[in-house]
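I have placed the structure first, in the form of structure tokens, so that the comments after it can refer back to it.
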Amino acid sequence: MRELKPCPFCGCDDIFVDDSLAPHHYIAVCEMCGAGLDHIAAWNHRPIEDAIRAENERLTEALEKIGSHSCDNEWADIAVDMAAIAREALNKGDTDD
Ligand SMILES: [Zn+2]
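In the working numbering, the protein residues as written are 571 to 667.
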């Protein structure tokens, strides 16, 4: 069975699949707030979250490219620092789940 993402409403990881209504009919339900969706794919579909993660990756890569230019000026150092800050922020967001 496919892994379920946390609840999009309350963030709870305790999600169960209710298959008691009909054969081959699965509903993902949050134990904490009771939110539910009729299809597992719908539960795991997070277009805004996926777009934000992709944007963050692109921005971090752009900062790393800027910082990788080998010139001796303070802008390169600033870009390297900004890339480290962005990477730290992304990693922190992953552990807040
Ligand atoms: Zn919930």
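Yeah, the Cβ is synthetic: ideal placement off N, Cα and C, and Gly gets one too. In this text the structure is predicted, and so the values were computed from the model without any measurement.
Got a sec: does ligand 1 put a non-hydrogen atom nearer than 7 Å to the Cβ of residue i?
| i | result |
| --- | --- |
| Ala632 | no |
| Ala605 | yes |
| Phe586 | no |
If I measure Cβ to Cβ from residue i and keep anything under 7 Å in the same chain, skipping five residues before and after, which residues do I get?
| i | result |
| --- | --- |
| Ala598 | Leu574, Ile585, Val587, Gly606, Leu607, Ile610 and Trp613 |
| Met652 | Leu633 |
| Arg657 | Thr630 |
Looking only at its chain, what residues have a beta carbon closer than 6 Å to the beta carbon of residue i, apart from the 5 residues adjacent to it on each side?
| i | result |
| --- | --- |
| Tyr596 | Val587, Asp589 and Ile610 |
| Leu660 | Asn626 |
Quick check on this structure: which residue in the options has the alpha carbon closest to the alpha carbon of residue i?
| i | options | result |
| --- | --- | --- |
| Pro578 | Thr630, Ala653, Arg616 and Arg623 | Arg616 |
| Leu629 | Asp647, Ala592 and Ala654 | Ala654 |
Please list, in chain order, all residues of the same chain as residue i whose beta carbon is under 8 Å from its beta carbon, the five residues on each side excluded.
| i | result |
| --- | --- |
| Cys582 | Pro576, Cys600, Glu601, Met602 and Cys603 |
| Asp594 | The residue asked about is misnamed: residue 594 is His in this sequence, not Asp. Here the set comprises nothing. |
Under the three-state reduction of DSSP, which class applies to residue i: helix, strand or coil?
| i | result |
| --- | --- |
| Leu574 | coil |
Pick out the complete beta strand (DSSP E) segments inside the segment 624–650, 3 residues or longer, and give them in chain order. none
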